[in-house]
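**Q** So that we are looking at the same thing, I have put the structure below in structure tokens.
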Amino acid sequence: MPRKKIIIDCDPGIDDAIALAALIGCPDVELVAVTVTHGNVSLERTTQNALDWLSFLGSKAPVFAGCAKPLSRSTIAAADIHGEHGIGGVTLPIAPQVPAAETAAEALVRYANEQPGTITLLATGPLTNVAMALQLESSVLSKFEQVVVMGGSTTEGNTTPAAEFNIFADPHAAQIVFASGAKLTMIGLNATHQVIATPDRVASIRALPTYVSEPLARMMEFYKIAYNRKYDWDGAAIHDLCTAAFALHPAAFKVEPMHVAVDLNEGAEFGRTICSPATSGRALSVVTEVDSRRVFDFLESALLSAPQWRISADAQRT
Ligand code: RIB
Ligand code: CA
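See below:
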């Protein structure tokens, strides 16, 4: 069975980092490249986080830096949720690697044309890079096997009552991507808010005999602070992990065809994803249900599948 080729456009970010660990650990994935965008923290920080985390995990996937700010709105961030550096206070050795010379948008267009129909594109941050790739080549997304976006919501927002962070951070880019006609699945808060890193799940991950377990558990515990403060939950929603789980285990998700438009009007609704039943033509697949146990099983299986991450039980106790 050939491995699934994946590119992830991300803004690490705690849950982006968790998704990257699952992709790198999973033996059924070939992580082709990582493209990085502004988002949870500045592009400079998200790029360094990607380089440092991939180096720590032993991944040789190239990293491409993308857009430092949205297409037209002002730049926002979420350091209050992900921490000043963006990965929950976890400190990593500085990677010896540097970003590749191409921009993220240039890399997305090149890979799509070099390997048409074979690469799955996951997008777990603001969609600025993906929109820029469409501006370079309007048909580029149709050359990916599929596009899976963590963003939006069929119900409420998290950054405003109406808008989810990835969309709110660049709603104009999101509108361009959603209207592109690509085969696109949207995984919004209505689904990802079912995927909670409860204390039992964090303990289960921490107990795995790998050197990645502890930093992942610490990231999840840091992430929980914001979710406990905002929703009184006992764990954080691990949004971005859902895109990787969907790519590998789509049966763990239920989708419905919907028209999705982004509200671009200044005001309380700015950035809302307006989802309506698809009556014709251009529809997105919108996730309506997710089996959260299978999402975490995917993560734990990926962590245990990477021999290079294994440590002895004694080392685990220190
Ligand atoms: O709203 C959640 C999304 O915004 C996640 O992708 C998180 O990493 C932030 O980018
Ligand atoms: Ca993200």
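First residue of the sequence shown? That's 12 in the numbering used here, and the numbers climb one at a time after it. Glycine is no exception: its CB is placed at the ideal position from the N, C-alpha and C atoms.
From what residue to what residue does the alpha helix (DSSP H) around residue 202 run?
**A** Note, residue 202: alpha helix (DSSP H), 200-203.
**Q** Sort out for me which residues DSSP pairs residue 175 with in a bridge.
**A** DSSP lists no partner for residue 175.
**Q** For the region 142-153 against the region 165-177, are there 3 or more C-beta pairs whose distance is under 8 Å?
**A** No, they do not touch.
**Q** Taking its Cβ as the centre, do 16 or more other Cβ atoms sit within 10 Å of residue 124, making it buried, or is it exposed?
**A** Counting Cβ neighbours within 10 Å, residue 124 comes out exposed, since fewer than 16 surround it.
**Q** Is any heavy atom of ligand 1 found at a distance shorter than 7 Å from the C-beta of residue 177?
**A** Flag set: Cβ of residue 177 near ligand 1.
**Q** Between the Cα of residue 157 and those of 304, 255 and 56, spot the shortest distance and give me the residue it belongs to.
**A** The shortest C-alpha separation from residue 157 is found at 255.
**Q** How is the beta strand (DSSP E) around residue 20 delimited, first residue to last?
**A** Run containing residue 20: 15-21, per the beta strand (DSSP E) assignment.
**Q** Taking only three categories from DSSP, how would you classify residue 261?
**A** Helix.
**Q** Which residue wins for smallest C-alpha separation from residue 212, given the options 271, 134 and 232?
**A** Answer by Cα proximity: 232.
**Q** Suppose the cutoff is 6 Å on Cβ atoms and the five residues either side in sequence are ignored; what does the same chain contact list for residue 73 look like?
**A** The residues are 44 and 111.
**Q** Can you tell me whether DSSP reads residue 167 as helix, strand or coil?
**A** Coil.
**Q** Measure the alpha-carbon distance for residue 126 versus residue 54 and round it to whole angstroms.
**A** Each residue's alpha carbon lies about 27 Å from the other.
**Q** Let's test the definition: count the other Cβ atoms within 10 Å of the Cβ of residue 214 and tell me whether it reaches 16, buried, or not, exposed.
**A** Per the 10 Å Cβ criterion, exposed.
**Q** What residues match up with residue 268 in a beta bridge as DSSP calls it?
**A** Its beta-bridge partners are 296.
**Q** Near residue 323, which residues of its chain fall below 8 Å by C-beta distance, leaving aside the five closest residues on each side in sequence?
**A** Excluding sequence neighbours, residue 323 sits near 220.
**Q** How far does the alpha helix (DSSP H) with residue 46 in it reach, from first residue to last?
**A** Premise fails: residue 46 lies in the beta strand (DSSP E), 40-47, not in any alpha helix (DSSP H).
**Q** Could you tell me if the beta carbon of residue 250 falls within a distance shorter than 7 Å of some heavy atom in ligand 1?
**A** Yes, ligand 1 has a heavy atom inside 7 Å of this Cβ.
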